[in-house]
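Chemist: Got a structure for you, written out below as structure tokens; questions coming shortly.
2 protein chains.
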Amino acid sequence: MEYKKNPFENVDLQGGFFAQRQKINKDITLYAVKSRFEETGRFDAFKCAWEEGMPHKPHIFWDSDIAKWIESAAYILHKEKNAQLESYIDDIVDLIEKNQQQDGYFNTYFIVVEPDNRFSIRDAHELYCAGHLIEAAIAYYKATGKKKFLNLMCKYVDCIERVFVLEKTAEFTTPGHEEIELALVKLYELTREEKYLRLSLYFINARGRKESVETFFLEPLYSQSHEPVRRQKEAVGHCVRACYLYTAMADLARITGDKELKSACEAIFDNIINRRMYITGGIGSTHNGERFTRDWDLPNSLAYAETCAAISLCFFALRMTLLEVNSKYADIVERTLFNSIISGISLDGESFFYENPLEISSVERENSKAGGYKQRFPITGRVKVFECSCCPPNITRLIASLGDYIYSYSEDTLFVHQYFSNKAKILDTEITLSGDYPNNGSLSLELRGAFKRVAMRIPSWCNEYSLFVGGKEYEGEESKGYVYINADKPCCKIEINFEIKPVLLMSNPFVLNNRGKVALMRGPIVYCLEDIDNESSVFNLAVSVPLKASCAYDNAFGAFCCEADGVLIENKALYFRSENVKKKPVKLKFIPYFSFANRGESDMRVWCDIDV
Amino acid sequence: MEYKKNPFENVDLQGGFFAQRQKINKDITLYAVKSRFEETGRFDAFKCAWEEGMPHKPHIFWDSDIAKWIESAAYILHKEKNAQLESYIDDIVDLIEKNQQQDGYFNTYFIVVEPDNRFSIRDAHELYCAGHLIEAAIAYYKATGKKKFLNLMCKYVDCIERVFVLEKTAEFTTPGHEEIELALVKLYELTREEKYLRLSLYFINARGRKESVETFFLEPLYSQSHEPVRRQKEAVGHCVRACYLYTAMADLARITGDKELKSACEAIFDNIINRRMYITGGIGSTHNGERFTRDWDLPNSLAYAETCAAISLCFFALRMTLLEVNSKYADIVERTLFNSIISGISLDGESFFYENPLEISSVERENSKAGGYKQRFPITGRVKVFECSCCPPNITRLIASLGDYIYSYSEDTLFVHQYFSNKAKILDTEITLSGDYPNNGSLSLELRGAFKRVAMRIPSWCNEYSLFVGGKEYEGEESKGYVYINADKPCCKIEINFEIKPVLLMSNPFVLNNRGKVALMRGPIVYCLEDIDNESSVFNLAVSVPLKASCAYDNAFGAFCCEADGVLIENKALYFRSENVKKKPVKLKFIPYFSFANRGESDMRVWCDIDV
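Those protein sequence lines, which keep their order, are chains B and L. Count along the first sequence from 1, then add 114; that gives the number in my numbering. Count along the second sequence from 1, then add 114; that gives the number in my numbering.
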């Protein structure tokens, strides 16, 4: 069966959790990122006028930062005209036009800083920057109808094709940081020009082959170049690079029908979600290479779990949903979005985390220094700008395009993957999805149009749900985590109610550091404890089982917080008999994980001890 | 009240746990260490004939290794003549005599390798070696009546006094590695020559003073030179150095009646046992400086817990018992002896551990490499020799002199601190202590003699005991963890029965890595799980609470092993609801911690997860 994407252009988020986030994104984050990028000289770099001795020396990945910002702005412009914003971008496009090289080459760093080293340093992010510029150009064209940027980038792609495929004059075969592969698929899908598809396939097919001429920043695994992609079965190396690659692989498997590629994607996806992913959807167990490590290696306090990595997994999961409708894919979209992605941006939309650890223990950090373990821990306070600022514009473009993730369709079936309230028009069908998800699980879906069936995802966290069609209880057929509903009447109203309640999760005993610990979830949202809300260090608290918790909406977090029964252990001795344990009953306040570190720095933990 | 030592010379261990260990020590370990030291050139170093280009270049601490070996041999000779062994030592003493410098100086390393650098490198262990040579000379004199070695060392002490106190020509004021301080007290106690006491006091008093001229291998804390000793309240720095210092301080406090010194010892001792000691009696939370770190910082798998460090704590605790009869001191002697000390030697007496971690996880080690945490873990297999071989002869001399730890006395009271079966003669009193401790807690103590009272330690692990005197139940007065019994009849038979049963211990919630975990103890013995005995990795097992365990004597370990009810968690998912946990009941086999790694390398843990 062929599954079709339904892009965000056809969907308007209305009310609810992510509509609110989109508003902050549009009104605040876009401009917060813009002003940071201005201050740091990133926009000025497009003038290609930097000379030795001047401040703000261009950096190899600055083009990608600006490109992602333009892409974000374009998604926002698509929904709401803004002449000033458009003119600002037009000026950048003019600079690109002005500074693009004769042969189509464009990269502000190499043009200015290392003109003789074009395409000679595999890890210098050139093709990565090119990919982001292509994505930005596509988005800007779709938003405004203006073709200049797109044309410039098509010319650049021709240059890349010439250097890498025809003349083979580049000093490496495939990009050290993947991204252009998925951008070329987008360009193909927009233009239907086969050459873009071929170039994407070229990079995918050449990766990990003996005949490719590569250099390695770390080792072949780091850049997924250890073997041909179709033979890869595990997620390895730098997480963002990896998932951008897998995203393109899934795209190409869908477009070309390549079954080997599809199998590789499936194996890798399963490896991630069953062995190498934090409960928050975060990926990357170490800062050392920002990478996947080993099955079950998920240290909480040392977690890297970069915001961009969760975003890249979300991209990959979306593509997998277009290969097969199986709830495990959209579940991961949901898990990443509500947890490890939005934890990367403050509630006010102005500051960011690069890393999203699941635990912050000031005592562990101090012990580490005293013990001389030479460990490096993630920062504990959100920052407005960081040198490696890939995450802020990445989260901005994602939030602006969340409409991409809600629906897909086949000839006769509408698939509902995500439950963000919205109005949409797909083909000739008008759709309204309303509710207060995930604060509560009651949703109403109204359709006016032609789909014969509606398939709604049953979230993996949900054990029970009820379904009503046209006001009557309905027993839909379930398949691969979706419930299928006949909708052959021209107007159809579906009500579904997912039971949302706080539950405790455990993790596989192979995950050493979570043994004997539990995490609280309510619906798709993972919770955490912060010192600031609790009467003792969160590391001295234990939650009672079975869970006794009450949850209520808290305006400060835009979500439910939970209060659970627990204990504080009061023994003062270093060692004491377990029968002599002295416990004081306390209430534990859990807040959504995504909102940690919004009220200053605080010790925090997701995986909690259990009162025994 | 003045408390008197009762040295091992008056005590013969007979039957039971440590008598067996003494036999292995005498028959096997002494010669195992001897042959290793011969192979590595340690004995030959006493010829002072090494030249550049020859193998076995002398090392700065080899004198201490040989000295501790001679001391061990002397304790053994004291109990059993052995002409061959004595002649072997006499040859070494002759070499010392031959190579001792005109002014009394003796150090095989400096005489041969760095003759111009005598007493110029604070951290080169010269005074540490001197201390061990003094201890060896005293022991050998007591064992054989031969005075030559002792005289040579007295001459060396005179040299040290001249250089450090009278002429002040040394390039530092106090030793970088303490040891000579306690050795000088022993020399004073043997000879009653005040000058040795004065020299010990000189080193103690000069330590940490601004006017002292010192260099620092690491920082002042590392060598306890951060402030004058009487102002020190916490155990800091290198554990062995620290506890050798504290041992001498406690000796001097007793001999001189210095209350400030006594208070410092008490504060430091309490700091160790209430904040900085593993449940095994091990001390040293990191290999990085082999040192104390911070309160509550007791990582299990990274524990350093050097065998020598536990021995040094045992020395310190013995001295504290002579300052005040309080069971917390003898409890620590017992805790270290049955756990972190004898874990340092294999059951067959031939191989050793320098470090005694409380957890070995091959998965953690692999994860650490993959995560690039740059952690260093203790070795997992016992070795017959190691470069830094301080521990093997240290454990040998301790086991040979365990009789030191059992009794002390005051004018009218006999104190029984340890319960190793023995026959002793103190003053005119003949004493027989019998039982099968700690396999069971029933002990019989018979006295024929003059003590009016007997005080027996109630071990801290014991909640209940019964006491019979002359066959009749007896209610003794309890004070500071000892029960006092009138024994004014010329013959008195005391029977005491300490309830020994397996119990679970918890640790203070501030100890991060033990949160939600328990350790099994039975009497003074701490237990551990090893993979080799269990059907799954020990990290996938959890013990059921309340504990349901059966224990039985196991000849292979010379102690009881325990089998406890527990579970294996069988869920395969990465994350799952706690209510869906699938548990398989299993029996967990616990072995005494001291016997870990005696059957090859295996994952091991002391602190276990709890079935919840």
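For every residue, glycine included, the Cβ atom is placed at its ideal position computed from N, Cα and C.
With 16 other CB atoms within 10 Å as the buried threshold, where does Leu541/L fall?
Modeler: Here the question's residue 541/L lines up with position 427 in the second sequence. So Leu541/L ends up on the exposed side.
Chemist: Does DSSP put Tyr487/B in a helix, a strand or coil?
Modeler: Within the first sequence, numbered from 1, the residue matching residue 487/B stands at position 373. Tyr487/B: coil per DSSP, three-state reduction.
Chemist: Under three-state DSSP, which class holds Ala711/B?
Modeler: On the first sequence, residue 711/B is found 597 positions in, with the first residue counted as 1. Ala711/B falls in the coil class under three-state DSSP.
Chemist: Tell me, please, whether the segment 143-160 of chain L touches the segment 495-514 of chain L by the rule of three or more beta-carbon pairs shorter than 8 Å.
Modeler: Enough Cβ pairs lie closer than 8 Å, so yes.
Chemist: For Met434/B, would you say it is in contact with chain L, using Cβ-to-Cβ distances shorter than 7 Å as the test?
Modeler: For the purposes of this step, residue 434/B is taken as residue 320 along the first sequence, with counting starting at 1. False, the Cβ-Cβ gap to chain L never drops below 7 Å.
Chemist: Hey, is Arg236/B's beta-carbon within less than 7 Å of any beta-carbon in chain L?
Modeler: Taking the first sequence and counting its residues from 1, the one referred to as residue 236/B is at position 122. No, no contact with chain L.
Chemist: In terms of alpha-carbon separation, which member of Ala250/L, Val327/L, Lys195/L lies closest to Phe286/L?
Modeler: Position 172 of the second sequence, counted from the first residue, corresponds to residue 286/L. If we check each option's Cα against that of Phe286/L, Val327/L comes out closest.
Chemist: Once DSSP output is grouped into helix, strand and coil, what is the label at Ala146/B?
Modeler: Along the first sequence, read from residue 1 onward, the residue named residue 146/B stands at position 32. Three-state result, Ala146/B: helix.
Chemist: Comparing alpha-carbon positions, which option in Val597/L, Gly672/L, Asn440/L, Lys488/L lies nearest Asn554/L?
Modeler: In the second sequence, counting from the first residue as 1, residue 554/L sits at position 440. Comparing Cα positions, the closest option is Gly672/L.
Chemist: DSSP on His352/L, reduced to helix/strand/coil?
Modeler: The residue you call residue 352/L lines up with position 238 of the second sequence. Note: His352/L maps to strand in three-state DSSP.
Chemist: For Leu643/B, report the span of its beta strand (DSSP E) as first-last.
Modeler: As a first step, residue 643/B must be located in the first sequence, where it is residue number 529. That run of the beta strand (DSSP E) goes 639-644.
Chemist: Can you pull the chain B residues whose beta carbon is under 9 Å from the beta carbon of Arg719/L, in chain order?
Modeler: On the second sequence, position 605 is the one that residue 719/L refers to. Ordered by position in chain B, no residue passes the 9 Å Cβ test against Arg719/L, which lies about 10 Å from the chain.
Chemist: What first and last residue would you give for the beta strand (DSSP E) that runs through Asp126/L?
Modeler: The sequence position of residue 126/L within the second sequence is 12, counting from 1. Note, Asp126/L: beta strand (DSSP E), 125-127.
Chemist: At 7 Å on the CB atoms, spell out the chain L contacts of Gly621/B, in chain order.
Modeler: Looking up residue 621/B in the first sequence gives position 507. According to the sequence provided, residue 621/B is Ser. The question's Gly does not apply to it. Neighbours of Ser621/B on chain L, chain order: Leu688, Tyr689.
Chemist: Any Cβ of chain B within less than 7 Å of the Cβ of Thr494/L?
Modeler: On the second sequence, residue 494/L is found 380 positions in, with the first residue counted as 1. No, no contact with chain B.
Chemist: At a Cβ threshold of 7 Å, is Gln489/B touching chain L?
Modeler: Locating residue 489/B in the first sequence gives position 375, where the first residue counts as 1. By this cut-off, Gln489/B is an interface position.
Chemist: Would you verify that the beta carbon of Thr543/L is, or is not, closer than 7 Å to some beta carbon of chain B?
Modeler: Taking the first residue of the second sequence as 1, we reach residue 543/L at position 429. Not closer than 7 Å to any Cβ of chain B, the Cβ of Thr543/L fails to qualify, so no.
Chemist: By how many angstroms is the C-alpha of Thr407/L removed from the C-alpha of Ala417/L?
Modeler: The count along the second sequence starts at 1 and reaches residue 417/L at position 303. The count along the second sequence starts at 1 and reaches residue 407/L at position 293. If I take the Cα positions, the gap works out to 11 Å.
Chemist: To the nearest angstrom, how far is it from the Cα of Cys676/L to the Cα of Phe690/B?
Modeler: Residue numbering aside, residue 676/L sits at position 562 when the second sequence is read from its first letter. Residue numbering aside, residue 690/B sits at position 576 when the first sequence is read from its first letter. Their backbone Cα atoms lie some 20 Å apart in a straight line.
Chemist: Tell me whether the beta-carbon of Leu436/B lies closer than 7 Å to the beta-carbon of Tyr641/B.
Modeler: As a first step, residue 436/B is located in the first sequence; it is residue number 322 there, counting from the start. As a first step, residue 641/B is located in the first sequence; it is residue number 527 there, counting from the start. In this structure, Tyr641/B does not lie closer than 7 Å to Leu436/B by Cβ.
Chemist: Is it the case that the Cβ atoms of Ile735/B and Ala656/B are separated by a distance below 7 Å?
Modeler: There is simply no residue 735/B to check, as chain B begins at 115 and stops at 726 in what is shown.
Chemist: For Lys309/B, which three-state DSSP category applies?
Modeler: In the first sequence, counting from the first residue as 1, residue 309/B sits at position 195. Looking at Lys309/B - three-state DSSP - the assignment turns out to be helix.
Chemist: Please say whether Trp183/L and Val226/L have beta carbons closer to each other than 7 Å?
Modeler: Taking the first residue of the second sequence as position 1, residue 226/L is located at position 112. Taking the first residue of the second sequence as position 1, residue 183/L is located at position 69. Cβ atoms of Val226/L and Trp183/L: not closer than 7 Å.
Chemist: Do the segment 375-395 of chain B and the segment 449-461 of chain B meet, that is, are 3 or more Cβ pairs less than 8 Å apart?
Modeler: Taking 8 Å as the limit for Cβ pairs, the verdict is that the segment 449-461 of chain B does touch the segment 375-395 of chain B.
Chemist: Considering Ile509/L, what are the terminal residues of the alpha helix (DSSP H) in which it resides?
Modeler: As a working mapping, residue 509/L is identified with position 395 in the second sequence. Looking at the DSSP string, the run of the alpha helix (DSSP H) that includes Ile509/L is 505-514.
Chemist: Evaluate the contact criterion for the segment 228-243 of chain B versus the segment 166-183 of chain B: three or more CB pairs, one atom per stretch, below 8 Å.
Modeler: Contact holds: three or more Cβ-Cβ distances are below 8 Å.
Chemist: If you draw a straight line from the alpha carbon of Cys428/B to that of Met434/B, how long is it in whole angstroms?
Modeler: Residue mapping note: residue 428/B aligns to position 314 of the first sequence, counting from 1. Residue mapping note: residue 434/B aligns to position 320 of the first sequence, counting from 1. Cα to Cα, Cys428/B sits roughly 10 Å from Met434/B.
Chemist: For Glu478/B and chain L, any beta-carbon pair shorter than 7 Å?
Modeler: For the purposes of this step, residue 478/B is taken as residue 364 along the first sequence, with counting starting at 1. It does; some Cβ of chain L falls within 7 Å.
Chemist: Tell me whether Met115/L is buried or exposed, calling it buried when 16 or more other Cβ atoms sit within 10 Å of its Cβ.
Modeler: Start at 1 with the first residue of the second sequence, and residue 115/L comes out as number 1. It counts as exposed.
Chemist: Please state whether the Cβ-Cβ distance between Ser558/L and Glu609/L is less than 7 Å.
Modeler: If you number the second sequence from 1, residue 558/L lands on position 444. If you number the second sequence from 1, residue 609/L lands on position 495. Closer than 7 Å, so yes.
Chemist: Is it the case that the segment 312-321 of chain B contacts the segment 295-304 of chain B, given that we only count it when at least three CB pairs across the two stretches are under 8 Å?
Modeler: Touching, yes.
Chemist: Check Tyr392/L in the structure and name its three-state DSSP category.
Modeler: By one-based count along the second sequence, residue 392/L stands at place 278. Three-state result, Tyr392/L: coil.
Chemist: Assuming Ile397/B and Ile382/B make a contact with CB atoms under 8 Å, what is their CB distance in whole Å?
Modeler: Position 283 of the first sequence, counting from 1, holds the residue named residue 397/B. Position 268 of the first sequence, counting from 1, holds the residue named residue 382/B. The pair is not a contact, with the Cβ atoms about 12 Å apart (cut-off 8 Å).
Chemist: Which full runs of the alpha helix (DSSP H) of 4+ residues lie inside the segment 212-270 of chain L, going along the chain?
Modeler: Qualifying alpha helix (DSSP H) stretches, in chain order: 222-226, 240-258.
Chemist: Would you mind giving the Cβ-Cβ distance between Gly463/L and Asn139/L, rounded to the nearest angstrom? I have them listed as a contact below 8 Å.
Modeler: Translated into the one-based positions of the second sequence, residue 463/L becomes position 349. Translated into the one-based positions of the second sequence, residue 139/L becomes position 25. Contact holds; Cβ gap of about 6 Å.
Chemist: Are Phe160/B and Ile203/B close, meaning C-beta to C-beta below 7 Å?
Modeler: Position 46 of the first sequence, counted from the first residue, corresponds to residue 160/B. Position 89 of the first sequence, counted from the first residue, corresponds to residue 203/B. No. Outside cutoff.
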